Structures are given as structure tokens and as C-alpha cells.
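Peer 1: Our numbering applies: residue 21 is where the sequence shown begins, and numbers increase by one. Every residue gets a Cβ at the ideal spot worked out from N, C-alpha and C, and that includes glycine. In this text, all values refer to a predicted model and were calculated from it rather than measured experimentally. Sharing a structure here in C-alpha cells format.
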Amino acid sequence: MPEDLQVDPDGYFDIVEKPEQFIQIDKQIAPNTKGNVAGKSPAHVQHLLELAAAEADKEASISSKKSRKKTQNHLPAFMFNSDVSKIQSNAKNIEHDTHHNFFYERNIIVEPSVPPEKLLMEKKDKGDDSQGIPKEKLRQMTLKRRLFKQLKGRKVRGPKRHKKRSNQAAQKHKKAKLLNSPPLLMQHNDLILDDSSTQNDVINRPKRAVTAKKERIWDYGVIPYEIDHIFSGAHKALFKQAMRHWENFTCIKFVERDPKVHPNYIYFTIKNCGCCSFVGKRGNGRQAISIGRNCEKFGIVVHELGHVVGFWHEHTRTDRDQHIIINKANIMKGQEYNFDVLSPEDVDSLGLPYDYNSIMHYARNTFSKSVYLDTIQPLGVREHEKIEIGQRIKLSKGDIAQANLLYKCATCGRTFQQNAGHIVAPHYSYKSGSGNDLNDEVEGSGSDGDYDFNGDFDKSLESCEWRITATNGERIILQLHQVNLFLSPDCTEDYVEIRDGYWHKSPVIQRLCGNHTSVTIKSDSSRMLISYVNRRSIKGFRGFIADFEVVCGGDIFLTEDRRIDSPNYPLEYFPDKECIWRITVPDNHQVALKFQSFELENHDNCIYDYVEIRDGNSSESKLIGIFCGYKLPPNIKTNSNQMYLKFVSDGSVQKVGFSAVFMKEVDECKFANHGCEHECINTLGSYQCGCFAGYELQPNGRTCEDACGGIIDASVGSGMVNSPSWPDVYPISKECIWEIVAPANHAVFLNFSAFDLEGTKFQYTECNYDYLVIYSKLRDNRLKKIGVYCGHEIPPIINSEQSILRLEFFSDKSVQHTGFSAKFEIDTDECSINNGGCQHHCRNTFGSYICSCRNGYTLHENRHNCTETKCKFEITNPYGVISSPRYPEDYPRNIYCYWHFRTVLGHRVQLTFHEFQLENHQECIYDFVAIHDGKSENSSTLGIYCGGREPYAVVASSNDMFMVLKTDAGLQRKGFFATYSTECGGYLRATNHSQIFYSHPRYGSRPYKRNMYCNWRIQSDPESSVKIKFLHFEIEYSERCDYDSLEISEEQSFQRNTNHGKYCGNRKPPVIVSYSDTILIRFQSDESTSLKGFAISFMAVEPPDDDNGDDFMSVTPFPGYMKSVYYSSESQSSEDEDDDDHYKDNRGYTPYRTASQRFRLN
């Protein structure tokens, strides 16, 4: 495993669910109680000596008081096949652990014997040759004897792998040297103590929790970062919010990486380990911080960044046994190593006390066999209350203090992240009668922003540092007042220095000394660093006071890509804010804008909060668009070399805002050498050629030739549209586009008489191989999709929304069918005049029209007007949007609405709220939304919500979800806006009737998605078994099924084989009947190839006869190569390398059958 990789557990469900690499053995491993410690580092041997010496002193003291109580020092259990000092985990609610990850050796108990009391008695009348043995000499003998026994016979495995042992002669020399050396004096905080101080050394040992290796400290407290493109804008905002949290309380700076300046940096990505990170700086370039599934929460990201900063888990400190008890009996098997104490050479908490509230501390039930069993139990009580541990909310005071000590942050100064603030030098005070009053709310030198004017100071030196951080696209204006410092040439002695950036290499804006009444300084970047040195404060030089303000907007001349964020991003933007940016690029270029995150208050007409973009440099320039809500705007490009961007927020609702990147863009289509025969289409960073309707682009990507499709004049009244070669099979790799154009105020109707395309149209699926897409083309040339069609089912009659109907036909490179034939006719569009008289929506039909109503309303008897609906919805689409009645206006009083979501079997409904405003109450008894895990209101409740906070995403356990909205006669609010989607996996109930579930909702028309990770649990009645049969199976093949794979197992049993195999390729697995009432199916795909997937039928059957006896007495996991998330630091150089040497003979699927056994030692 890579050195100092921290595997954290809030995403550990994914780790234990992923394939692990197992090493098979054919015999039992006996407890290893013998070995050699000579290979250990001197520091580790010294640590053993210190423990033993402290123990001997304590025993001697007890013996002198005629007390025979013994103490035991338990060396931690160490494991094979892993570098335990480099791995830490922090998981909760782990499921389905295979229990076969590692082998353990028994604890070694060091229990020193108590010498006879008479030997400890020193006789005053005897010298060195007397019968009495001096206490010090006896202690030396005891230490030597104990160490000799360890060196002679025991093999003590430490928590850290060391370099290979030297030759045998060197070992003997080292052993002799240790045995003959004088007893070591105990050390406490680098102070050598005499013997009288050693008996309490176990209690007084320096506390340790952060890295003790100075090379792992990030230079100047600057941690550069990059974020993998796989993360969404919401993820990136979360990461930035967590980094700002660390910056706010320390002098650490997280900055976007500049390859020219930052050779070492962290990289937010997703690894097999789930949540994991290295401790401190590796120093060899890019190092991963993995934020996998279930890790994307603020507290967890702050925790992982703690590892990056240099923090180990709090409970691994050497003094932890004085503060907590580890209940080893409650720890999940295979996870005991996460509770080992690390060595002093790895960790050092700089003398700070144990911190129960640390964000780096495990929870009580982390890696517990049951959520109700504690693995960690704090000792004592705090103000008669139960001590809570394992919080993932924010940094504790101890975390903050330790980080500031670790990075030697100035004790005077702080980090500012607010819009405005005040700064005052520690000893600054106004002279009497100056006419100035010092504001009581000035920000002083304390790291928490508060300054104690009665505190003690080093009278000889004031050295402070203030860091002001704004968001990208903002600037800082600093106003210094009453500067009073010793005047020296070039201000080399006492000074206040302002830099335009985050560190000492940033350009200096100004350095001041002497006397100045008022100085205004403005930054060009979004960060400012203020350094202050005053060696003569006791001589009356007061320093300075200052005010700062963060302003948004401004003029930007763009020479390279630049990011602009809304104010306070990724936190909510401020109310009543207006920011205007004018971006200019060199001549013959354009300004390109790409949004990466976007979340503003929503409104149909964007009248509250919005982003306005214009092609030019003023508010009078041509409008490109006004955007609000949650949908990411498209990539935007100006025609000129300037762009005007305006952000406005009102005084009510605030959201996260936006993050966007500006680029300078060249329009290659303006140049004559683009080579396109028909059309040149400019894209960001490039261009592509296109063809007029009725032509198709040739393989050279530039020329066009006659093709199927074209523009059809429908003014003649009717006509036919056929696929190429109809009624023969259509050709492969064909693309045809037709536009049927009717006269104004007319609509086009299309009626299919034959339809036969590749693909099977399953419920909730879309087409992917050969298909026909039909659009209604609107007046502004926008295309509104009507539908996508494939298979053999004839589509319904289709009509255009306005006067143009567009058909796009695509065929792939494989299977061909006969295609389609359709007749088109035109009809007068009654909806084009006065909306047909409809109050809400008008839909044209052949020869007539139909009125319809918006969500929350129903059609009146007159068939034109709309009244409030009964508000009952049955939803079967795999994804879509819903909202409360009248949204975004206030919902009605005294309504009862329900939504019943139902998706395809084997998949679950997920509901995500993007806007939520209901009347608030602590118990939600007035207006509320209730979500149930099933088909009706009688199903179990997933949550009841009210107030103004958006609920977290809610996922059902099956393919049904039932949601209720109920309001009373009192206050009304805006309501909610939500999206629903489909997640794979879940619980399936097997009955006597056969049922079918699919690998993905769009099975049959689209391949499964990449990076899927699905778990199905199929359960029958207790007296029955589950039978599964594969109807189709086609997933990516690899020799060891280590890319895409399907695993079938049962819950752990020591009575029989509970694993049925691991499969990939296109060969159907055999029919499987479970021995229990439950079958577990796990499917995962990687980021590359995706194929058709699988379909499985399942049902409950009679259990099979138990006639195999002891043939199934094996607990070996299913065969096949299984990639471990842990690597030996001796054999692997990075986290990306695989160990490919353990299995060479595995194939696409391997039915489980083996006689080998695996044993574990507890």
C-alpha cells in the first residue's frame, strides 16, 4: 500500500463491497510468538525499553509499599499483508464484510515479574559487595533479561514496515550493543529527566496525533489542489467549502495549482479505497485524495483534508488508553488494525491534550459488529453528560490549535473570509484628544478574531500576519489609518507589508513604515497577505489600524483562462448584491464562458436573482441571455472580443451561486482555410463542418454529398416519408434528416403505417442503436423533442407544435431492419390564434384542438378554463420534475396531494429537492411533506419535512415511493420543486410467481452506464429458497473479471459455501438456487466499455436437499482475481499499481467449488 495512505470509513461500504485480493493458504497459521526485534528501528527498541523501564519503576514503588498489584502492557495485534502504520479507516455502518481480508497474530502481553521484596531493600551498612542488590542495578538486569528474551525468541511485529534487515553479523552487533548499553533515561518534551521522574512517565508521555515527520509538512502552509473533471459543480463547491473551513481557522492556504510553481499537489478524485488520503505531503508530485461514494459530505471532506494537512486519527495516539477503552470484542473481524496505537516516530500532537471532540476521532460504533455496540468507549464523564466522539460537523478547538502549532502560524493575526472587516495592531491605542474612537469590534491579533487587550505580549517584538480571502472575480480594497512605525531605509526593520496574493512569493503592493495618515491599497487578485513587524512597540510606536472591503466586478483583460465566482461562493451569495464584469480578449478573438456550477433562486422570468450576459462591454450591448434556477447554462461565446456579465441578487432567497471559467476563443470559421464545403460550426477551442439538409458529411469531415432526408414543402397538403431503401433493409451507419415545412398557422401531422428498427422498446427505456428522433421546430429555430422511437411498435400519430416537423434517422454499424414508412398531412393550427381560447395550454389535433391545464389544476366543464385539481399523480417515467400546486406561487390552503412514483423492478426511486419552502414547525404539524417507502401512505416513513431547508435526497428501498403534501388553513409558502430519478439496486421479494429485473432501466435499447455499483437483495419466505435464472447476459469480458463483473452470494454461513461465483463476458451463468432464503447480487462496471447488460428472472422455490455433507465446509471467498485496496509498501510504489501475480488461471466466470479452507486467528 502507498505510504501513509489513510483509508476512511464513511465510504467504506464501497471498499468492503469491492473485490478484494485474497491469498490462499492450505494450512492453519499458528500464533506467532517468536521472532527477532533486531530488525526494528532504534526508536522502536527505545520505545520498548521506555515502556519496560517505566513499568519496572512502577512495580518497585508498589512493592516498597507491600502492594502486589500487577499491570499489563498489551502490544497491539499486528497483521500480515498490510502496512498498518500507513492505513487508517473511519467507517460507519459497514455491511457484508467478507471477514477474510487479513490474518492476525495473537497479542503479546508484556507482564514483568515482581522481584522479591528483600532484593529491593538496600542495606546502609553494605557496599557494592554486599548481599543486597542496588535497585538501579536490579532494574538494569530486569530490562536486559526482558529484552534478551524478546531478541532471542519472540517476533514482535511493529505497526510500521522497515527496510530489510541487514546481514546476520550486523544483527548480532546491534543486539550486543543494546544489551551492553546503559539504561536509557526517560525523556519528556526533549527534557532529560532523572530517575526520580520516571515512575510517572507513562502518564506524562508526550501526547501525539499529528505527523512527526517534518518533510510531510507542506511548504509555507500552501497546499495546491486540482479537482478531477469527473466531479460535478456541486462536488467542487463542497470541496472548496471544506478547504475554506480549514483556511478560516489556520494559516493554511489551499490554492489552485499552477504547474510552474507547485510541483507537489493534491488531486481530488475517486479511488477504490472510497474515502482515503495520504498523511501530509508525499513530495513526489500528485497525491490523491479520494472522495468516493458516501464521502461527499462536508464533515467527511474536512476530515480527509485533515489527513492531507498531516493529521492521524485521534484514537491512535500513544496516550489513548488513558482516555478511551477499545472494546475489541465488538469490532468487525478484519478491521481490528484500525484501532492500533501508532508509533511515536510517526505521530506527535505537540503536547496538546487528548481531544474527544476532534473531527479526526472515530465514533463510538465505528467498525462495530452492530450499530448498538460500542467499539470505543470514552473514560469518565463531562459535566455529568455522556462524552460524544466522532463528530463530522466542524473542526474542534483542539484541531485548530494543533494545526496552528504544526504549521507554526503566527500567534498574532487571522484569516478573513467576510465581505468587510477591521484590523488593528496588538498595541495600537489612540492618543488622548486625537478625535478618533477605536471601534469596539475591531479584529485583533487573536486567531479567532478576538483580541484580549489585557493579555501579555512579548514587549520586544510584534510579528503578525493577516490573510484576506475573497472569491475568484473579487478584489480587496485596504484602507490603512494612522500608520506609526519606526522609519528605516527601505522599511527593512519595522514595517507593514501588503502582498497581492497568498504567500511570500506574491508581488509586493506596498511596504510602509514611518508615519502615514491614510493609505489606500487595492489588489488585482482575490487574496491579500498583510505582514506586520514592530520591534519598538514599547518605545511608543503603535503600529496601525485598517479597514478592508471586498468588491466584486471590474474590468478584466484576459490572456489565459480565468475563473469567476459569485460573491461568497461556495457558500450562499449575499442579498442585494450587484456585480458587473467586463471581460476583454485580444483582437481577432472571442470571449468564451463555461459554467461549472450554477444555482440561483428560480423564477420563470428570472426577476429575482439572475445572471445577465451581453455581447459587448455595456448594458446596451446585444443580449445573449438571462439565466437563473438550477440548470447549468450552455457554453456561451461572443461574436466580439468583449463580454458583459452582470450578477444580481435581491433581498430574499440566497443560493450557492455560480462558478464559471472565461477563455479567449478564436473563431476558426472566420478564416477561409477552414475547409468546410457547406457550413463551418465554431466550437469552444475548435470547429466542425456541417451539411445542409439533404446532404451528409463525408468521412473526411469536410465535404458533403447527397443523402437521404431534405426539406419537404408540405403546402401541397400531404406526402410520404420513408427510411432509406424502403421496403428493403436500410443501410448501416446512415444519418438522415427531414424537415417537413407547412404554411404559417398550420401544423404537420405524421401517421406511421410501418415501423421496424433495431432495438426492443422496454418500459422506461430509450433507444441507442438504430432510432428515429422527431422534433417540433419552433420559430426561433429551437428544437423541442417529441420522442425517440425504435423496435417494432408503431409510434402514435405525431403533430408539430408549430409549422415545422423535423425527423432524424440514425443507424449503427451492425443489425439492419426494414425501417419505416409514414404519411404526413397538414392541418390548420387553431392554437396559433389567441391560444385557441384556452386558459393555460392549447394542443393542436387533426381537425380540432384540446385545452389542458398546468400542474395543480384541472380542466373546467367548458373545456377551456382551469380550476384547482384534486392533486393526485401516478408517475411511471424513470426521471422528471414535480412541484407543489401553483409553484412558484404560494400553494393553496387545506389541500391533500399525493405522488405515487413507480419505476422498473430492481431499481429504486430517488427524490431530490431543489427548492423547499413550507410553513415551519418543530414537529411539522401544520404544512408538511411526508415520504413513504412503498405504494401507499401506510408504508414505512422515510421522512416528514417542513420549513425552509431543502431535505437531503431520499431513496426508496424498492421501485415504489409514495409522497404526500398536506397543508392547513394558516400560512402559505412557495412550496417545493424537485426532480425524481432511478437508482439501481434495492430489495426484491421473491414469490411463487416468476419476476424479472434488469441491469439498468434502459435495458434493451441502451447499454448500462459506466461506473455503476449496484446491490440487490432477493429474499423469500423463511421456509423457501430463491431461484435465479439468467435470460440474457452480456457485460465486458476480462480474464479475471476485474473490469465489469457480477457477483452472486448468500449471507455468511460457516456451514456451507455461500458464494456462487463471479461472472463476466457473454456466457450465461447457470441456474442458481440458494440454500438460505436470501441471495445477494452485486454488479459493478468501470469507466470504460459498457454493453447490453443482463436480465434475471427470480422466484421462490422449495429448498434443495442437503446431501453434500462436509463438502461445503469452506469459507473461502469465491474464486477470481480480487483487487485489494491495500498494497504493501515494499512491493508497490503507488496507489495505481496492481498486483497481478496471484492468479493467472481465472476465466470469465468461475462456478464456486473448492475444497480448500481458510483459517483466521483471533
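Contact defined as beta carbons within less than 8 Å: I believe residue 230 pairs with residue 426. What is the distance between those atoms, to the nearest angstrom?
Peer 2: Against the sequence shown, residue 230 aligns to sequence position 210. Against the sequence shown, residue 426 aligns to sequence position 406. About 5 Å; that satisfies the 8 Å criterion.
Peer 1: So, for residue 1131: in the same chain, excluding its five sequence neighbours on each side, which residues have a beta-carbon less than 6 Å away from its beta-carbon?
Peer 2: Along the sequence shown, one-based indexing puts residue 1131 at 1111. Only weak support is given to the placement of residue 1131: the predicted model assigns it a pLDDT of 35, under 50, and the value that follows is read from those uncertain coordinates. Correct list: empty, nothing qualifies.
Peer 1: Could you tell me the distance, in whole angstroms, from the CA atom of residue 490 to the CA atom of residue 900?
Peer 2: Position 470 of the sequence shown, counted from the first residue, corresponds to residue 490. Position 880 of the sequence shown, counted from the first residue, corresponds to residue 900. Between residue 490 and residue 900, the C-alpha separation is close to 37 Å.
Peer 1: Assess contact between the region 557-564 and the region 577-587, defined as three or more Cβ pairs (one per stretch) separated by less than 8 Å. Is contact present?
Peer 2: no
Peer 1: Which same chain residues end up closer than 8 Å to residue 1122 when comparing Cβ atoms and leaving out the 5 residues on each side of it in sequence?
Peer 2: Working through the sequence shown from its first residue, we reach residue 1122 at position 1102. Within the same chain, residue 1122 has close Cβ partners 1044 and 1045.
Peer 1: For a quick check, are the C-beta atoms of residue 929 and residue 1000 less than 8 Å apart?
Peer 2: Position 909 of the sequence shown, counting from 1, holds the residue named residue 929. Position 980 of the sequence shown, counting from 1, holds the residue named residue 1000. It is a contact, given that the beta carbons lie within the stated cut-off.
Peer 1: Could you check which residue in 701, 246 and 878 has the C-alpha nearest to that of residue 277?
Peer 2: The sequence position of residue 277 within the sequence shown is 257, counting from 1. Cα-wise, what sits closest to residue 277 is 246.
Peer 1: Tell me the DSSP secondary structure of residue 920 in three-state form.
Peer 2: Position 900 of the sequence shown, counting from 1, holds the residue named residue 920. Three-state result, residue 920: strand.
Peer 1: Just the Cα atoms here: how many angstroms apart are residue 600 and residue 980?
Peer 2: Within the sequence shown, the letter at position 580 stands for residue 600. Within the sequence shown, the letter at position 960 stands for residue 980. The alpha-carbon atoms of residue 600 and residue 980 are separated by roughly 47 Å.
Peer 1: Under 6 Å Cβ to Cβ from residue 507, same chain only, skipping five residues before and after it: list those, please.
Peer 2: Walking along the sequence shown from the start, residue 507 turns up at place 487. Cβ within range, chain order: 533 and 534.
Peer 1: What three-state label does DSSP hand residue 950 in the structure shown?
Peer 2: Along the sequence shown, one-based indexing puts residue 950 at 930. Here residue 950 sits in strand by DSSP.
Peer 1: Got a sec? Which residues, its chain only, sit under 8 Å from residue 189 by beta carbon, not counting five neighbours each side?
Peer 2: Taking the sequence shown and counting its residues from 1, one reaches residue 189 at position 169. Because the pLDDT of residue 189 is 47, which lies under 50, any placement of that residue in the model is unreliable, and the number read from its coordinates should be weighed accordingly. Nothing meets the Cβ criterion.
Peer 1: Taking the C-alpha atoms as reference points, what is the distance between residue 611 and residue 334?
Peer 2: Counting from one through the sequence shown, the residue named residue 611 turns up at place 591. Counting from one through the sequence shown, the residue named residue 334 turns up at place 314. If you take the alpha carbons of residue 611 and residue 334, they lie about 50 Å apart.
Peer 1: Out of curiosity, what's the CA-to-CA distance linking residue 388 and residue 920?
Peer 2: Within the sequence shown, numbered from 1, the residue matching residue 388 stands at position 368. Within the sequence shown, numbered from 1, the residue matching residue 920 stands at position 900. About 37 Å.
Peer 1: Find out if the Cβ-Cβ distance for the pair residue 410, residue 374 is shorter than 8 Å.
Peer 2: As a working mapping, residue 410 is identified with position 390 in the sequence shown. As a working mapping, residue 374 is identified with position 354 in the sequence shown. Going by C-beta atoms, residue 410 is not nearer than 8 Å to residue 374.
Peer 1: Please state the DSSP three-state secondary structure of residue 423.
Peer 2: The residue labelled residue 423 in the question sits at position 403 within the sequence shown. Helix.
Peer 1: Return the first residue and the last residue of the beta strand (DSSP E) that residue 969 is part of.
Peer 2: If you number the sequence shown from 1, residue 969 lands on position 949. Segment: none, residue 969 is in no beta strand (DSSP E) and carries neither H nor E.
Peer 1: Is any beta-carbon of chain B found at less than 8 Å from that of residue 439?
Peer 2: Of the protein chains in the structure, only one exists, and it is not chain B.
Peer 1: Of all the options 972, 528, 627 and 570, which has the alpha carbon lying nearest to the alpha carbon of residue 499?
Peer 2: As a working mapping, residue 499 is identified with position 479 in the sequence shown. Nearest of 972, 528, 627 and 570 to residue 499, Cα basis: 570.
Peer 1: Nearest-angstrom Cα distance between residue 288 and residue 310?
Peer 2: Numbered from its first residue, the sequence shown carries residue 288 at position 268. Numbered from its first residue, the sequence shown carries residue 310 at position 290. Approximately 6 Å, taken between the alpha carbons.
Peer 1: Rounded to whole angstroms, what is the Cα-Cα separation between residue 448 and residue 258?
Peer 2: In the sequence shown, residue 448 corresponds to position 428, counting from 1. In the sequence shown, residue 258 corresponds to position 238, counting from 1. Approximately 39 Å between the Cα atoms of the pair.
Peer 1: Would residue 1042 be called buried (16 or more neighbouring beta carbons within 10 Å of its own) or exposed?
Peer 2: Working through the sequence shown from its first residue, we reach residue 1042 at position 1022. Exposed, since its Cβ has fewer than 16 Cβ neighbours within 10 Å.
Peer 1: Would residue 268 and residue 435 qualify as a contact pair, given that the criterion is a beta-carbon distance under 8 Å?
Peer 2: Here residue 268 refers to the residue found at position 248 of the sequence shown. Here residue 435 refers to the residue found at position 415 of the sequence shown. Yes. Within cutoff.
Peer 1: Give the DSSP-derived three-state secondary structure of residue 1080 in the structure shown.
Peer 2: One-based indexing of the sequence shown puts residue 1080 at position 1060. Reduced to three states, the DSSP call for residue 1080 is strand.
Peer 1: Answer yes or no: do residue 564 and residue 528 have a C-beta to C-beta separation smaller than 8 Å?
Peer 2: The residue labelled residue 564 in the question sits at position 544 within the sequence shown. The residue labelled residue 528 in the question sits at position 508 within the sequence shown. No, Cβ-Cβ distance for residue 564 and residue 528 is not below 8 Å.
Peer 1: Name the DSSP beta bridge partners of residue 441, please?
Peer 2: As a working note, residue 441 is residue 421 in the sequence shown. Note: residue 441 sits in a beta bridge opposite 568.
Peer 1: Would you call residue 1115 buried or exposed, if buried means 16 or more other Cβ atoms sit within 10 Å of its Cβ?
Peer 2: Within the sequence shown, the letter at position 1095 stands for residue 1115. Buried, because 16 or more other Cβ atoms sit within 10 Å of the Cβ of residue 1115.
Peer 1: What is the DSSP secondary structure of residue 408, counted as helix, strand or coil?
Peer 2: Sequence index remark: in the sequence shown, residue 408 carries index 388 (1-based). Reduced to three states, the DSSP call for residue 408 is coil.
Peer 1: Skipping 5 residues on each side, what residues in its chain have a beta carbon closer than 7 Å to that of residue 743?
Peer 2: Position 723 of the sequence shown, counted from the start, is the residue given in the question as residue 743. Excluding positions up to five away in sequence, the list reads 750, 829, 839 and 840.
Peer 1: The alpha helix (DSSP H) that contains residue 257, what's its start and end?
Peer 2: Within the sequence shown, numbered from 1, the residue matching residue 257 stands at position 237. Where residue 257 is concerned, the enclosing alpha helix (DSSP H) stretches over 253-269.
Peer 1: So for residue 310, helix, strand or coil by DSSP?
Peer 2: Position 290 of the sequence shown holds residue 310. Under the three-state reduction of DSSP, residue 310 is assigned to strand.
Peer 1: Do three or more CB pairs link the region 877-888 to the region 930-945 at distances below 8 Å?
Peer 2: no
Peer 1: What are the boundary residues of the alpha helix (DSSP H) that includes residue 299?
Peer 2: What you label residue 299 is simply residue 279 of the sequence shown in a count that begins at 1. Premise fails: residue 299 is in no alpha helix (DSSP H) and is neither H nor E.
Peer 1: Could you check where the beta strand (DSSP E) with residue 997 kicks off and where it finishes?
Peer 2: Position 977 of the sequence shown, counted from the first residue, corresponds to residue 997. Unbroken beta strand (DSSP E) run through residue 997: 995-1004.
Peer 1: Check each candidate in 369, 537 and 526 and name the one with the smallest Cα separation from residue 547.
Peer 2: Residue numbering aside, residue 547 sits at position 527 when the sequence shown is read from its first letter. Of 369, 537 and 526, the residue nearest in Cα terms is 526.
Peer 1: My output table needs one value for residue 616: the three-state DSSP class, helix, strand or coil.
Peer 2: On the sequence shown, residue 616 is found 596 positions in, with the first residue counted as 1. Residue state, collapsed to three classes: strand.
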